[in-house]
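Here the structure comes first, spelled out in structure tokens, and everything after it is commentary.
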Ligand code: HPA
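Numbering (our numbering), first residue to last: 1 to 274.
Here is the structure:
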């Protein structure tokens with residue numbers, strides 16, 4: 001595993017110039033960020049040794065290097081989902097690579113079902129914490145000591161400091177945010193009403209099929225994390241509970257300008273702790 005990570009890192013180091021401390025994973029709601037970015041390099045995942053290749057419609061697979069919010073950023077345009085058939089090691093492989101490239105802060109977005117009955121479709125939720133419901137753990141197996149310890153803490157997995165910046169900047173921009181707990185499960189089927197109810201009972205506010213593995217691996221490496229969910233369906237109303245991939249993408253697209261503006265303001269205002 002370590003050898004494979006090093007091969008990818010060495011390949012990328014031969015392509016990249018400059019230092020990158022901020023990584024961004026473009027999930028739902030953030031696809032438009034690329035238009036606001038000054039892209040210096042587009043590296044298809046297929047060219048990076050050992051990188052998995054994205055299979056989902058609407059998710060392109062490139063690593064973008066450039067400037068956003070006044071900082072150099074490495075952007076994953078397309079992520080790997082467990083439901084696509086990848087192992088947890090593959091899903092989180094790019095995070096290991098970002099870590100070795102010097103990334104200290106990781107920002108991610110995703111689409112999620114609104115489990116909290118007060119949430120409306122189109123709401124933007126700052127993730128305060130997660131519940132890991134995936135059937136396999138991304139740190140299962142031999143610990144990679146060069147990245148982090150065997151039993152990493154997951155307290156404050158979602159940086160309180162960056163969350164505070166997000167709320168300050170949202171206020172400046174006149175954007176309303178909600179906050180809550182993201183439950184990550186494997187999919188690919190959406191949940192039954194009974195499962196949405198169960199998620200509410202165990203303390204989730206939103207549910208989706210990504211993010212949790214990436215955050216766990218990023219935290220293992222000591223990367224500071226921030227995540228936002230775009231609420232694409234509400235489990236509170238019988239008409240809004242049922243969803244499909246198109247609808248999820250449409251809602252994601254509709255909030256792109258707001259999400260991009262917010263992420264840009266967050267990146268501008270983050271001090272990188274080295
Ligand atoms: N469940 C799981 N993943 C999702 C949902 C949902 O309701 N909506 C968007 N992604």
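Ideal placement from N, C-alpha and C gives every residue a C-beta, glycine not left out.
Rounded Cβ spacing between residue i and residue j (contact assumed at less than 8 Å)
{"i": "residue 16", "j": "residue 97", "result": "About 11 Å; that fails the 8 Å criterion."}
{"i": "residue 61", "j": "residue 49", "result": "14 Å between Cβ atoms; not a contact."}
{"i": "residue 144", "j": "residue 37", "result": "Between residue 37 and residue 144 the Cβ distance is about 30 Å, and since that is not below 8 Å, they are no contact."}
Endpoints, the alpha helix (DSSP H) within which residue i is located
{"i": "residue 267", "result": "256-269"}
{"i": "residue 220", "result": "212-220"}
{"i": "residue 275", "result": "Only positions 1 to 274 of the chain appear in this structure, which leaves residue 275 out of reach."}
{"i": "residue 202", "result": "Where residue 202 is concerned, there is no enclosing alpha helix (DSSP H), given that its DSSP letter is neither H nor E."}
{"i": "residue 107", "result": "That residue, residue 107, is in no alpha helix (DSSP H); its beta strand (DSSP E) goes 105-114."}
{"i": "residue 126", "result": "No alpha helix (DSSP H) contains residue 126, which is instead part of the beta strand (DSSP E) from 124-132."}
Bounding residues of the beta strand (DSSP E) (the contiguous stretch that carries residue i)
{"i": "residue 158", "result": "It is not in any beta strand (DSSP E) - residue 158 carries neither H nor E in the DSSP assignment."}
{"i": "residue 236", "result": "Residue 236 -> no beta strand (DSSP E), and no H or E assigned at all."}
{"i": "residue 68", "result": "62-68"}
{"i": "residue 72", "result": "71-77"}
{"i": "residue 190", "result": "Neither: residue 190 is in no beta strand (DSSP E) and is coded neither H nor E."}
{"i": "residue 24", "result": "22-26"}
{"i": "residue 43", "result": "38-44"}
{"i": "residue 83", "result": "No beta strand (DSSP E) contains residue 83, which DSSP labels as neither H nor E."}
{"i": "residue 272", "result": "Careful: residue 272 lies outside any beta strand (DSSP E) and carries neither H nor E."}
{"i": "residue 181", "result": "178-184"}
Sub-8 Å separation of residue i and residue j beta-carbons
{"i": "residue 188", "j": "residue 83", "result": "yes"}
{"i": "residue 158", "j": "residue 227", "result": "yes"}
{"i": "residue 93", "j": "residue 52", "result": "yes"}
{"i": "residue 229", "j": "residue 116", "result": "no"}
{"i": "residue 220", "j": "residue 119", "result": "no"}
{"i": "residue 182", "j": "residue 130", "result": "yes"}
{"i": "residue 121", "j": "residue 234", "result": "yes"}
{"i": "residue 28", "j": "residue 252", "result": "yes"}
{"i": "residue 179", "j": "residue 126", "result": "yes"}
{"i": "residue 123", "j": "residue 25", "result": "no"}
{"i": "residue 75", "j": "residue 213", "result": "no"}
{"i": "residue 223", "j": "residue 99", "result": "yes"}
{"i": "residue 95", "j": "residue 218", "result": "yes"}
{"i": "residue 78", "j": "residue 206", "result": "no"}
{"i": "residue 134", "j": "residue 185", "result": "yes"}
{"i": "residue 263", "j": "residue 33", "result": "yes"}
{"i": "residue 104", "j": "residue 269", "result": "no"}
{"i": "residue 161", "j": "residue 128", "result": "no"}
{"i": "residue 31", "j": "residue 256", "result": "yes"}
Alpha carbon of residue i to alpha carbon of residue j, nearest angstrom
{"i": "residue 175", "j": "residue 261", "result": "10 Å"}
{"i": "residue 266", "j": "residue 169", "result": "7 Å"}
{"i": "residue 65", "j": "residue 22", "result": "10 Å"}
{"i": "residue 101", "j": "residue 73", "result": "11 Å"}
{"i": "residue 71", "j": "residue 192", "result": "42 Å"}
{"i": "residue 277", "j": "residue 216", "result": "Because the chain in this structure spans residues 1 to 274, residue 277 falls outside the shown range and cannot be described."}
{"i": "residue 167", "j": "residue 225", "result": "15 Å"}
{"i": "residue 142", "j": "residue 6", "result": "17 Å"}
{"i": "residue 245", "j": "residue 81", "result": "14 Å"}
{"i": "residue 197", "j": "residue 40", "result": "46 Å"}
{"i": "residue 63", "j": "residue 108", "result": "14 Å"}
{"i": "residue 4", "j": "residue 47", "result": "14 Å"}
Proximity test, residue i beta-carbon vs the ligand NAD heavy atom, cut-off 7 Å
{"i": "residue 29", "result": "Absence of the ligand NAD from the depicted structure is noted, with the ligand HPA being the only ligands included."}
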